[in-house]
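All remarks here apply to the structure that follows.
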DNA sequence: TCAGTATAGTGTAGATACGACACTATGTCA
DNA sequence: TGACATAGTGTCGTATCTACACTATACTGA
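Protein chains in written order, with the working numbering: chain A, -14 to 214; chain B, -14 to 214.
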C-alpha cells in the first residue's frame, strides 16, 4: 500500500428514504437529530459507512439502529456529493429508498430515545443537509418505478385486498384509477394468488385477500414478461 | 470542526461508461491502464474525485483528460462500494454513463500517450476492478432508458436520417423494428424537425435529414408528454 | 445511356388493448 | 329489517399496434 497516501478521501454516509403508506397518504420516516450540525432538525435516517461494510449493509444497519427496521425492500437511489452539502467537511452520501408496510413495524419503540416519526410526503418539515432534495429525487423515482416494477406490494401487508392495492397506486401516482379496469389488468398478469381468506373487522361486505406471488413473477420475467400498469 | 476526526473516510473515484455507436455495434470506450493495480489491463475511464469538485464535474474532467471528450450526455448510473473492489484499500466509485457520437470526437488523438479504444459491447476484454459489473449495469440501464427517454439521438450526429435512428434503437434493444411503424411513431411525437438537407455520398437514393428538437421536447414534457417508443 | 442495385418513402386492414361506464351482491350496524 | 358501505362483475366503442409490399429516386458501372 505504498501509494495509498496520495488519495484524496471523503467521509461517506448512507441516507435512507423510507416510504410507508397509511389509508390516506404516502409517508416518509424522519428522525430528529440529536447533535450538531442541524441538532433538533428532522433528517433522513442514515449515518457513516464503516470501512469494512458494503454500502447496502450500511444502509440496512442504519435502518435497524435508527428505526428498528429489518428485511425491508431497499434499493440504491442516487449519490449526492456536492462540496458544501455538509457544513463540516466533504461528505458524500449514497441515498437508498426503502418501502415498508407501516403496520409491520413499531418504529417508535425501536428507536433508542431518538425521535422518529412518519410524515406525509406532502407536509414535510424543513430538513437537515440536502435531504429535501434527496426526498424529491426519491419521490420521482418511486412514481416512475411503480408502473413498471411490482413494488407496490411492498407497502402492504402480505395479504391485501384489491382495493387496498388500487389505493397504493392511486396515492403514489396521484390520480384515480378505474376499479374494473385496474382489477382486470392486475389479475390478468397472473401475479396475484387468491387466498381463501377475507378482510376482518370491517363494517361492510368483506373483500377477498390476495397475496403477491413472487416466485411466479420471477418465473414470468425469465420468459420475457414485463410488469406494466 | 472539532468533531471531524472521528469520521471514517474512503477514497472516492468516478468511472464513466462511454457508449458510442458505429454502423454495426454498440461500442464502449476503454482505457489501458498504465500503472498498478491492473497495469496493462483495460478499464473504464475515471479517476479520483478532488475534494473541491462535484461528482459530475469530476466525471467530466476525467472524460476530458482521459478521452478528450467534452459536452457529452452524462448521467449518474450507480455507486459501487463493496469492500475489496479495489485491492489497495476501500475505494468507492460513483459510476456515470455517457452517450457520444463517435464521429464527433477523435478520441485517440486526445488521450495523452495512453491507449484508448472503442470495443463492441459484445466483445469486451477482461476489465480491471469490478468494471465488468459496472458495464453490465450500464447496459441494462441504457436498454431500459432508451424506450422512455429520447436519448437515442445522443449517439448520432446532430442531423441524421430516420434509418440511422431506427438502427440505433435496433442495436440497443437487440431486436428488429418495423420501418413503417417506427417512422410513424417517431414522427407523430413531433420531436423531429425536418431539415431541407439530404444524406451525402451514398450510392443510392439519399434520405432526408432530421434534427431532434430539444426545445419542443421540453415544452411538450411540461404539458405532460411522455416519450415512449 | 441504360440496366442494375440499393435504399427511401409510403398506407391499410385486422387484431388487440384501453377507457368509460352502472348495477347487483353481501355483510354490518342500529 | 332497513339503511349503509364496499365488493364484485361485463360490454362496447375507440385508439393503438402489428404485420405486410410496392413504387420512387439516386447513384454506379458497363
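Cβ coordinates follow ideal geometry from the N, Cα and C atoms, glycine included.
It should be emphasised that the depicted structure is a prediction, and the values quoted were computed from it without experimental measurement.
1. For residue 0(B), list the residues DSSP reports as bridge partners.
2. Counting contacts by CB-CB distance shorter than 8 Å, is residue 67(A) in contact with chain B?
3. When the Cα atoms are used, what is the spatial distance from residue -12(B) to residue 41(B)?
4. If I measure Cβ to Cβ from residue 156(B) and keep anything under 6 Å in the same chain, skipping five residues before and after, which residues do I get?
5. For the beta strand (DSSP E) containing residue 185(B), name the first residue and the last one.
6. Can you give me the C-alpha to C-alpha distance between residue 107(A) and residue 8(A), rounded to a whole angstrom?
7. Nearest chain B C-beta to residue 35(A) closer than 8 Å, yes or no?
8. Considering only the alpha carbon of each residue, which of 113(B), 134(B), 172(B) lies closest to residue 206(B)?
9. For a contact meaning CB atoms closer than 8 Å, what does residue -3(A) contact in chain B?
10. Below 8 Å between beta carbons is the criterion; list the residues of the region 30 to 64 of chain B that meet it against any residue of chain A, in chain order.
11. Sort out for me which residues DSSP pairs residue 171(B) with in a bridge.
12. So, residue 61(B) versus residue 85(B), is the Cβ gap smaller than 8 Å?
13. What is the C-beta distance between residue 83(A) and residue 57(A), in whole angstroms, given that I count them as a contact (C-beta under 8 Å)?
14. Going by beta carbon distance, what residues of the same chain come within less than 7 Å of residue 90(B), once the five residues before and after it are set aside?
15. Alpha carbon to alpha carbon, what distance is there between residue 33(B) and residue 1(B)?
16. Can you name, in chain order, every residue of its own chain whose Cβ lies under 6 Å from the Cβ of residue -3(A), other than the five neighbours on each side?
17. Any heavy atom of the ligand FMN inside 7 Å of the beta-carbon of residue 12(B)?
18. Hey, would you say residue 23(A) sits closer than 8 Å to residue 167(A), going by beta carbons?
So, to answer that:
1. One-based indexing of the second chain puts residue 0(B) at position 15. DSSP output for residue 0(B) lists 31(B), 80(B) as bridge partner(s).
2. For the purposes of this step, residue 67(A) is identified with residue 82 of the first chain, where counting begins at 1. At least one CB atom of chain B sits nearer than 8 Å to the CB of residue 67(A).
3. Translated into the one-based positions of the second chain, residue -12(B) becomes position 3. Translated into the one-based positions of the second chain, residue 41(B) becomes position 56. Here residue -12(B) scores only 48 on pLDDT, less than 50, and its place in the model should not be relied on; the value that follows carries that caveat. Each residue's alpha carbon lies about 28 Å from the other.
4. As a first step, residue 156(B) is located in the second chain; it is residue number 171 there, counting from the start. Excluding residues up to 5 positions away in sequence, 11 lie with their Cβ nearer than 6 Å to the Cβ of residue 156(B) in the same chain.
5. Mapped onto the second chain, residue 185(B) falls at position 200. Looking at the DSSP string, residue 185(B) is not in any beta strand (DSSP E), and its letter there is neither H nor E.
6. Taking the first residue of the first chain as position 1, residue 107(A) is located at position 122. Taking the first residue of the first chain as position 1, residue 8(A) is located at position 23. Inter-residue distance for residue 107(A) and residue 8(A) is about 15 Å (C-alpha atoms, whole angstroms).
7. Against the first chain, residue 35(A) aligns to sequence position 50. By this cut-off, residue 35(A) is an interface position.
8. In the second chain, counting from the first residue as 1, residue 206(B) sits at position 221. Out of 113(B), 134(B), 172(B), 134(B) has the C-alpha closest to the C-alpha of residue 206(B).
9. Stepping through the first chain from its first residue, residue -3(A) is reached at position 12. Simply -7, -6, -5, -3, 66, 77.
10. Result list: 33, 34, 35, 36, 37, 38, 39, 40, 61, 63, 64.
11. By 1-based counting over the second chain, the position of residue 171(B) is 186. Partner(s): none; residue 171(B) has no beta bridge.
12. The residue given as residue 61(B) occupies position 76 in the second chain. The residue given as residue 85(B) occupies position 100 in the second chain. No, these two residues do not count as a Cβ contact at 8 Å.
13. Translated into the one-based positions of the first chain, residue 83(A) becomes position 98. Translated into the one-based positions of the first chain, residue 57(A) becomes position 72. Rounded, the Cβ-Cβ distance is 5 Å, consistent with contact.
14. Numbered from 1 along the second chain, position 105 holds the residue referred to as residue 90(B). If we look at residue 90(B) and ignore the five residues flanking it on each side, its Cβ neighbours are 53, 54.
15. The residue given as residue 1(B) occupies position 16 in the second chain. The residue given as residue 33(B) occupies position 48 in the second chain. One Cα belongs to residue 1(B), the other to residue 33(B), and the distance between them is close to 12 Å.
16. For the purposes of this step, residue -3(A) is taken as residue 12 along the first chain, with counting starting at 1. Counting only Cβ-Cβ distances below 6 Å, and skipping sequence neighbours, we find 34, 77.
17. The model depicted lacks the ligand FMN and carries no ligand whatsoever.
18. Counting from 1 along the first chain, the entry for residue 23(A) is found at position 38. Counting from 1 along the first chain, the entry for residue 167(A) is found at position 182. Going by C-beta atoms, residue 23(A) is not nearer than 8 Å to residue 167(A).
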